[in-house]
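Accompanying notes for the structure given below.
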C-alpha cells in the first residue's frame, strides 16, 4: 500500500501544479470568476480521476505532460459538476471538502459562471497541441469527454438524480443513474490513457471493463460511507441521501450485501487488468483503495 | 434587401432542422434535460451567429453540412448563455423571445443542467468528423470556441457585467465588456468560416476586422433598442439596463452619437470585406441589417 500512497501524493501535487498553471489569476473585474474557478478546483479532493488518467496512460508509455494536462482537464469537469451540484437549486450544499462551497464563498452567479468556465476550459486544454501532438488524438479526447459529460452521461445522470422518479428507482434504475452521473467520467478517465496511447481495441476494451466495475463499486462505497461515516470524515454532511428519501444501493440491498457487491466488483475489475501484467499494479491498487477508503 | 430576407429565412429553417436532428428527444427521466435543451434553442431567435458562420464559410466553398453543424454548435453556445444569464441569480429574466425563460418553463435546476448540456454538446458537434474531415480543422474549431466562450471571452464578459464595478465603467470598460460578452462569439462565428475553409492569414484577418466592427455595432444597437423599443418588439422587457443603473453606450455617448458610432462601425465593417468582392454580399447585408433591425 506504500506505493499507492506515494503515487496518490505525487499525483495530487503534480495535478495541483498543472491546474494552477492552466488557470492563472487574472486582474480586473473578470478576475473574480477565475478566482472562483481556482477555489473550486485547487487545494483538495482525492484526485481519483486524474490518478486513473495517469495510471492508464502509464500502460502505454504516454508522455507525462500530455497525461497530466488530460488529467487536469478531467478534474476541471469533475469540479465544475460539484460546483453546480452544490447550488441552492440543486443539492443546496454549504460545505464541500470541509470548506464553504463556491456559491457560499463567492455568490450564486459567480458559482454558475465558475462552473461554466471550468467546463469550457477543460475542452480548451484537450484541444491544445501541448496535450497531444496528433490532432486526431485531441479530437478523440474532446469527443469522448463531451459524450461522457453531456446529456448521455453526467448531465443526464444529474437530471435523473433530481427527478421526481428518483425516490422510487429500482436497482436497475439506480445502476443506470450512477453509471451516467459518476461512471461516465470515471470511464473516460481510464479510456483517456488508451486514447492518448492509441492503444489497440482489446486493450481499450479491458480498460473499459475495469472502469465500469470500478465506477459502480465506487458509488456503492459512497452510499455506504453516506450511511456509516461521520461528517468530519467526509468533509460534507453525512446521511444526506437517507434524509432526502433517495433510493440508494444500501437502501435497496442492505449494507452487508452492498459491501459484498462492491468487493465482487473490485475482484472483477482486477481480473480485467490481467493482460497488462505488472504494469497495471497501480490500477489494481486503486481498485482496492476505492473499496477500503474512509471518505 | 430581398436577398437577405431569403437568406435569413433559409438559415433559420436549416439551422432549426440541424439543431432538431442533433438534439433528438430522449425517453425516461433524463429526457427532461433534453426537452429543456430543445426548448432553449429551438423555435426562435434571429440566428445571427449561424448566419455569420454560413456566410463566412460561403467565401471559401466549405461544404454546407459542415458549416451548418458548426452554426448549430455556436447557436447551442449562444442559447446556453441565454439560459444561464436568465437565471434568478443572474439577470432574473422571466421572458425570452416572447416566451417563459427556461427556468420558468421548467425549473431552476433543469435550466442550469440544460445550459451545461448545450455547452457540452456544442463541443461534441465540433469534434465530430461529420463537421470537418480533417482532424486539425476540428481541433482548431474546438480550441477557438473554447477560447471565445470561456473566462477570456463570454464567461469573463458576463462576470464583468455582474460585477460591482459594472455601474461605473467608462467607455473603454464598456467596450471591453461587450467585446468579451457578445463580441467574442460573434468573432468566432465569422472566424469559423475561415477555419473550416482553411483560409489564408490575410483573409482571416479581414474577417476578424469585420467581426470586431460588427460585434461592437451590434451591441450599441442593442443598447439603443433597450432605451427606444417596446417590450413587445423585443420579446423581453425594454429599459432594463437603465433601470438596473448599468452604464451603457447610450448612457455614456447619448443616443445620437451612439447611433452615429454604430453607423461608422458598419461602414468600416463593409470596407473590411472589399477583398472578397461580390462573394461577401450577404456579409455586407448582414452588417446593414444589424444597425437597421428593430429587435
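Chains as they are written, first to last, in the numbering used here: chain A, 1 to 295; chain B, 1001 to 1295. Glycine residues also receive a C-beta, built at the ideal position from the N, C-alpha and C atoms. Every value quoted in this text rests on a predicted model; they were computed, and no experiment measured them.
Query                                                                                                                                                                                           : Result
Find the residues of chain B that neighbour residue 34/A, judging by a C-beta separation of less than 7 Å, and give them in chain order.                                                        : 1151
Going by DSSP, which residues form a beta bridge with residue 95/A?                                                                                                                             : 100/A
Between residue 1120/B and chain E, is there a C-beta pair that is closer than 7 Å?                                                                                                             : In the displayed structure, chain E is absent; the protein chains listed are A and B.
Measure the alpha-carbon distance for residue 181/A versus residue 1113/B and round it to whole angstroms.                                                                                      : 12 Å
Run through DSSP, which three-state label would residue 1198/B get?                                                                                                                             : coil
Once the 5 residues before and after residue 1140/B are set aside, which same chain residues still bring their CB inside 8 Å of it?                                                             : 1195
Can you give me the C-alpha to C-alpha distance between residue 176/A and residue 157/A, rounded to a whole angstrom?                                                                           : 8 Å
Mind listing the chain A neighbours of residue 1342/B? Cutoff is C-beta to C-beta under 9 Å, in chain order.                                                                                    : Shown here, chain B extends from 1001 to 1295; a query on residue 1342/B therefore has no answer.
With distances taken Cα to Cα, identify the nearest neighbour of residue 1026/B among 1020/B, 1019/B, 1034/B.                                                                                   : 1034/B
Measure from the C-beta of residue 1296/B to each C-beta in chain A and report whether the shortest distance is under 7 Å.                                                                      : Not covered by the structure: residue 1296/B. The range shown for chain B is 1001 to 1295.
List the residues of chain A whose Cβ lies closer than 8 Å to the Cβ of residue 1146/B, in chain order.                                                                                         : 120, 121, 123, 124, 127
Buried or exposed: which applies to residue 197/A, given that a residue is buried once 16 or more other Cβ atoms fall within 10 Å of its Cβ?                                                    : buried
For the alpha helix (DSSP H) that contains residue 76/A, what are its first and last residues?                                                                                                  : 64-85
By how many angstroms is the C-alpha of residue 40/A removed from the C-alpha of residue 250/A?                                                                                                 : 30 Å
Against chain B, does residue 219/A count as a neighbour if the rule is that its beta carbon must be under 7 Å from one of theirs?                                                              : no
Given this structure, state the Cα-to-Cα distance separating residue 1229/B from residue 1095/B, to the nearest angstrom.                                                                       : 16 Å
Would you say residue 1072/B reaches chain A, if we count a Cβ-Cβ gap shorter than 7 Å as a contact?                                                                                            : no
Just how far apart, CA to CA, sit residue 1187/B and residue 75/A?                                                                                                                              : 29 Å
Give every residue of the same chain whose Cβ lies closer than 7 Å to the Cβ of residue 1253/B, excluding the five residues on either side of it in the sequence, and list them in chain order. : 1261
Establish whether the CB of residue 1/A and some CB of chain B are separated by less than 7 Å.                                                                                                  : Reliability of the predicted coordinates at residue 1/A is poor, the pLDDT of 39 falling under 50, and the value obtained from them is presented with this limitation in mind. Chain B contact via Cβ: absent.
Along the chain, which unbroken stretches of the alpha helix (DSSP H) at least 4 residues long are found entirely within the stretch 1244-1294 of chain B?                                      : 1249-1253, 1255-1272, 1281-1292
Any beta-carbon of chain B closer than 7 Å to the one on residue 113/A?                                                                                                                         : yes
Residue 1029/B touches chain A at which residues, Cβ-Cβ below 7 Å?                                                                                                                              : 159, 160, 163, 165
Residues of chain A with a CB under 9 Å from the CB of residue 1087/B: which are they?                                                                                                          : 89, 108, 109, 112
Does the Cβ of residue 47/A have 16 or more other Cβ atoms within 10 Å, making it buried, or fewer, making it exposed?                                                                          : buried
By Cβ distance, which residues of its chain are closer than 6 Å to residue 1001/B, with the 5 residues on each side in sequence left out?                                                       : Confidence at residue 1001/B is low in this model, with a pLDDT of 39, below 50, so the placement of that residue is unreliable and no value is reported for it.
Cβ closer than 7 Å: which chain A residues qualify as neighbours of residue 1138/B?                                                                                                             : 139
Measuring alpha carbon to alpha carbon, tell me which of 259/A, 124/A, 189/A ends up nearest residue 210/A.                                                                                     : 189/A
Shorter than 7 Å from the beta carbon of residue 1133/B to some beta carbon of chain A?                                                                                                         : no
Give me the chain B residues within the contact set of residue 37/A, using Cβ-Cβ distance strictly less than 8 Å, ordered along the chain.                                                      : 1151
Comparing the C-beta of residue 143/A with each C-beta of chain B, is any distance below 7 Å?                                                                                                   : yes
Rounded to whole angstroms, what's the CA-CA distance from residue 1021/B to residue 1044/B? Just pull it up for me.                                                                            : 16 Å
Under 7 Å between beta-carbons, which chain B residues line up against residue 20/A? List them in chain order, please.                                                                          : None at all; the shortest Cβ gap to chain B is about 15 Å.
For residue 1102/B, decide whether its Cβ has a neighbour in chain A, counting only Cβ atoms nearer than 7 Å.                                                                                   : no
For residue 29/A, count neighbouring C-beta atoms within 10 Å of its own C-beta (all shown protein chains included) and say buried if the count is 16 or more, exposed if not.                  : buried
Per the contact definition of three or more C-beta pairs closer than 8 Å, is the stretch 120-140 of chain A in contact with the stretch 200-217 of chain A?                                     : no
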